[in-house]
Amino acid sequence: MTNVYEFSVKQTNGEEKSLKDYEGKPLLIVNTASKCGLTPQFKGLQELYDQYNEQGLEILGFPCDQFNNQEFDNIDETMEFCQRNYGVTFPMFAKIDVNGDNTDPLFQHLKEAKKGVLSKNIKWNFTKFLVDRNGQVVERYAPTTEPEKIEADIEKVL
């Protein structure tokens, strides 16, 4: 697979969604967690979505429980938490693994396309991948990179 639009992901209701539905749009793909010290980044992500969605940006959130069990067991709790506490309206998907034997194929592709500083594995919640309109991964951001620090890069792919 050569671009992210060739993947399908599971929605919170368990149904598959083709990322082809986002073809031609820049994407910011993030592995999230509801009970993490970085969880307040949802606010910044939502602000980016509010500011740039009309220009085509989509932010795709993928809850992950692989780092100190910082995600709710039930996806409905995750969705309610994100909406109630941070007003999240960008698409959120089913809980996934981003490392290990059960790594989601999309995240396997993202990690291969843009390796981290010391390894390709994702080190923590809120690792972010910026994808251009052609479905190519153009940047990877550390978990501690605040969403507003990504704004200039987002503007380049819009």
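As numbered in this note's numbering, the sequence shown has no gaps in its residue numbers, which increase by one up to the final residue, 1148. Note that CB positions come from ideal geometry on N, CA and C, so glycine has one too.
Check	Outcome
Reducing DSSP to helix, strand and coil, say where V1088 ends up.	coil
Below 9 Å between beta carbons: does that hold for G1051 and V1078?	yes
Taking the DSSP output, what are the residues bridged to F1080?	Paired residue(s): none; F1080 is not in a bridge.
In whole angstroms, what separates the C-alpha of V1127 from that of K1104?	7 Å
In angstroms with no decimal places, state the Cα-to-Cα distance between N1064 and D1122.	32 Å
Using alpha carbons as the reference points, say which of T1117, G1027, D1094 lies closest to Q1001.	D1094
Restricting to Cα atoms, I'd like to know which of F1080, Y1076, K1101, R1074 is closest to D1087.	K1101
Please classify N1111: is it buried, with 16 or more other beta-carbons within 10 angstroms of its beta-carbon, or exposed?	exposed
Just tell me which of S998, Y1131, P1016, E1138 has its CA closest to the CA of K1146.	P1016
Tell me whether Q1001 sits in a helix, a strand or coil according to DSSP, three-state version.	strand
What is the rounded straight-line gap between the Cα of L1035 and the Cα of E1138?	8 Å
Should N1003 be labelled buried (16 or more other beta-carbon atoms within 10 Å of its own) or exposed?	exposed
Need the endpoints of the beta strand (DSSP E) that F1052 sits in, please.	1048 to 1053
Does the beta-carbon of E1061 have 16 or more other beta-carbons within 10 angstroms, so that it is buried, or is it exposed?	buried
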